[in-house]
Amino acid sequence: MFDYDVVIIGAGSAGLVACKLANGLGKKTALIEKRKIGGDCTWFGCIPSKTLIKSANIAHQTTRLKEFGLAPLGPVQLNAQKVMSHVRAVIEADAAGHPAESYEAEGINVLFGGARFVDSHRIELEGKTISSKKFVICTGSQPLVPDIEGLDKIAYLTNETVFDLEVLPKSMIVLGAGPIGIELSSALNRLGVEVTVLLRSGQILKKEDKELVERLTEILRAEGVTILNNTQTRKFSRDHNKITVTIEDKQGRRDIEAESVLVAVGRRPNIDELALEKAGVEFDTKGVRVDKHLRTTANNIYAAGDIVPPYLFTHIAEYEAVIATTNACLSLPIKKTNYENVLWCTFTDPELAHAGLSEERAREIYGGNVKVYRWEHKDVDRAKTDLAQEGLSKFVCDKKGKLLGIHILGHNAAELMHEAQLAKSMGLSFSRIASVIHAYPSYSDAVRQPAKKCYIDLLQNNFFVKLLRKITPKKN
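Numbering of the sequence shown is given in our numbering, commencing with residue 979 and proceeding in unit increments.
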């Protein structure tokens, strides 16, 4: 006899979905959290970063008043030193929406502490042993800190500590150019921080479409962000309030100075303290080994979220939590993962949205059977009225018009992508969007207009249309 039917370890995005689902399926459920309910998304990720980005975007708009025909009566001066207080207030408000008491009221037992497996059915928690028929591990991830000389001596920042700042630094070196590093670099730059981004590769956001990344890089640099590509970071040192970073690039070995350093080179799974080996769960430095049902190498233990590579996103964590928990609650697992329609967005300004294959990757796989439909946002009427014309939509299709990839750089790209994503997920031709009535003027033209191009292409390649075009000239 077990204490619980299902125990969820970790109360982040995946864990909160998992415990409610297990409880809703009638299972006696416990939720275990080592730190705070809400996990990375609430405390260190989505909520604080997007709040900061919004403040930064508003600050940026105040610099454009004359572009909109507005003449300020005096000099526009902003004091950004209360921004982080605002960010923390939003975090607290979000966290207040899911207190432990609300889960207890639903019948979910919420326990706090660091869980360690004794075997596949038992864990130790704060000196007590708890048993369960099934487990779902949702412990998330933490910042990966590289082994660079002197880094441990300079009190560097990560996404887990940067939002604790009371006063924004005058300058910051950002190590890494993934979504976290680039989003924060863009936002902090707009709030008056002198930002220098160091990256080892030749391109920021290396998983994104190269053409769109090049455009975004130009925009960031034009706003004042310094981006140093193909750079090796060799050493860190501190002298009072000044941090010196020694780098090597095509200019040779040199030093760069700043008040602070943000480390954003990647993530690593939170599994070190779980004693997974005692439960028979296999893992490596990237995370837990699972099958298509999200079952680990221990038949009664499942996993979801950031500890399951390679997609470390809140929306994927929630998707995986439903699959893992459903299977854990059944006698046999039946739900399977399908990552063909994974999507994400980097919330710079303009935003950069991504789903499916990039143009380069699609051509590698499908060769000449690829058609790319493009639409410049300078040709979107709503973008003209809003002076938000920087951007490009790219839709990568096969010869039948089925979507292989969706890539949008532009205002509200995260919202724009979903119409095309629905067509992609449903296996519909991109051209079908052209026949749907859209509101005018709206940013949806960035999707509808290229869909019309696809429709025309397919129409011209239709067998009967081709035949008619051959016959008609002869009659004339």
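Where a beta carbon is used, it is the ideal one built from N, C-alpha and C, also for glycine.
Going by the CB atoms, is the gap between L1272 and N1319 shorter than 8 Å?
For this step, residue 1319 is matched to residue 341 along the sequence shown. For this step, residue 1272 is matched to residue 294 along the sequence shown. No, these two residues do not count as a Cβ contact at 8 Å.
Legend entry - Three or more C-beta pairs below 8 Å linking the stretch 982 to 994 and the stretch 1295 to 1303: yes
ask   = Helix, strand or coil: which one does DSSP assign to Q1181?
value = Here residue 1181 is taken as the residue at index 203 of the sequence shown, counted from 1. Three-state result, Q1181: coil.
Q: Determine the DSSP secondary structure at A1333, reduced to helix, strand or coil.
A: As a first step, residue 1333 must be located in the sequence shown, where it is residue number 355. Correct three-state label for A1333: strand.
### Query
For the stretch 1278 to 1291 against the stretch 1106 to 1123, are there 3 or more C-beta pairs whose distance is under 8 Å?
yes
**Request:** Please work out which residues of its chain come closer than 7 Å, Cβ to Cβ, to S1098, disregarding the five sequence neighbours upstream and downstream, and give them in chain order.
**Result:** The residue you call residue 1098 lines up with position 120 of the sequence shown. The residues are A1257, G1258, A1276, N1278 and I1279.
Check: Which runs of the alpha helix (DSSP H), 4 residues or longer, sit entirely within the stretch 1117 to 1195?
Finding: 1157 to 1168
task = Can you check the stretch 1216 to 1279 for any beta strand (DSSP E) of at least 3 residues that lies completely inside it and give the ranges in chain order?
result = 1220 to 1227, 1230 to 1236, 1238 to 1241 and 1245 to 1247
*Name the residue from P1124, D1269, V1065 and G1052 whose alpha carbon lies nearest to the alpha carbon of T1020.*
Position 42 of the sequence shown, counted from the first residue, corresponds to residue 1020. Here the closest residue by C-alpha is V1065.
Close-in-space but distant-in-sequence residues of the same chain around N1248 (CB under 8 Å, 5 per side omitted)
Position 270 of the sequence shown, counted from the first residue, corresponds to residue 1248. Only G988, T1117, G1118, S1119, Q1120, D1284 and I1285 meet the Cβ criterion.
Cβ distance (whole Å) where L1043 is taken to contact P1050 below 8 Å = Walking along the sequence shown from the start, residue 1043 turns up at place 65. Walking along the sequence shown from the start, residue 1050 turns up at place 72. Sure, about 6 Å apart at Cβ, within 8 Å.
Margin query: In the DSSP assignment, the beta strand (DSSP E) including E1354 goes from what residue to what residue?
Written below: Here residue 1354 is taken as the residue at index 376 of the sequence shown, counted from 1. First-last of the beta strand (DSSP E) with E1354: V1348 to E1354.
Sheet register partners of V1114 (DSSP bridge): Taking the sequence shown and counting its residues from 1, one reaches residue 1114 at position 136. Per DSSP, I986 and Y1280.
For H1218, does the count of other Cβ atoms within 10 angstroms reach 16, so buried, or fall short, so exposed? One-based indexing of the sequence shown puts residue 1218 at position 240. Answer is exposed; the Cβ neighbour count stays below 16.
Practice item. With a 10 Å radius around its C-beta and 16 neighbouring C-beta atoms as the bar for buried, classify S1409 as buried or exposed. Key: Looking up residue 1409 in the sequence shown gives position 431. Buried, since its Cβ has 16 or more Cβ neighbours within 10 Å.
Identify the residues that DSSP records as bridge partners of L1370: which are they?
One-based indexing of the sequence shown puts residue 1370 at position 392. According to DSSP, L1370 bridges with E1354 and L1387.
>> In this structure, how does DSSP classify L1205 when only helix, strand and coil are distinguished?
In response: As a first step, residue 1205 is located in the sequence shown; it is residue number 227 there, counting from the start. Going by the sequence as given, residue 1205 is Ile instead of Leu. Strand at I1205.
* Please state whether DSSP places L1290 in a helix, a strand or coil. => Here residue 1290 corresponds to residue number 312 of the sequence shown, with the count starting at 1. Coil.
Check: Nearest to P1311 by CA position, among T1224, V1268 and E1329, is which residue?
Finding: Here the question's residue 1311 lines up with position 333 in the sequence shown. Closest by alpha carbon: V1268.
Three-state secondary structure (DSSP) of D981:
Your numbering for residue 981 matches position 3 in the sequence shown. Coil, per DSSP.
Does the ligand NAP have a heavy atom nearer than 7 Å to the CB of D1018? Because no ligand of any kind appears in the structure shown, any question about the ligand NAP cannot be addressed here.
Notebook entry, point to check: Who are W1322's beta bridge partners in DSSP?
Noted result: As a position in the sequence shown, residue 1322 is number 344, starting the count at 1. Paired residues: H1332.
| Near E1127, which residues of its chain fall below 8 Å by C-beta distance, leaving aside the five closest residues on each side in sequence? | On the sequence shown, residue 1127 is found 149 positions in, with the first residue counted as 1. R1212, K1213 and F1214.
- Local Cβ density within 10 Å of T1450, reported as buried at 16 or more and exposed below that: By one-based count along the sequence shown, residue 1450 stands at place 472. It counts as exposed.
Since E1102 is in the beta strand (DSSP E), which residue starts that stretch and which ends it? Position 124 of the sequence shown, counting from 1, holds the residue named residue 1102. Looking at the DSSP string, the run of the beta strand (DSSP E) that includes E1102 is R1100 to L1103.
So which of I986, C1024, K1028 and A996 has the shortest CA-CA distance to E1011? Here residue 1011 refers to the residue found at position 33 when the sequence shown is read from its first residue. E1011 has its Cα closest to that of I986, out of I986, C1024, K1028 and A996.
**Asked** If we ignore side chains and look at the alpha-carbon of each, how far apart do E1172 and M1150 end up?
**Response** If you number the sequence shown from 1, residue 1172 lands on position 194. If you number the sequence shown from 1, residue 1150 lands on position 172. Taking the straight line from one Cα to the other gives about 6 Å.
For this session: Please say whether A1333 and K1402 have beta carbons closer to each other than 8 Å?
Result: Residue mapping note: residue 1402 aligns to position 424 of the sequence shown, counting from 1. Residue mapping note: residue 1333 aligns to position 355 of the sequence shown, counting from 1. Contact flag set, yes.
Segment limits, alpha helix (DSSP H) that includes E1011
Along the sequence shown, one-based indexing puts residue 1011 at 33. Run containing E1011: none in the alpha helix (DSSP H); it sits in the beta strand (DSSP E), T1007 to E1011.
Using beta-carbon positions only, say whether N1137 and G1047 come within less than 8 Å of one another.
-> Here the question's residue 1137 lines up with position 159 in the sequence shown. Here the question's residue 1047 lines up with position 69 in the sequence shown. With respect to G1047, N1137 sits apart: the two C-beta atoms are not nearer than 8 Å.
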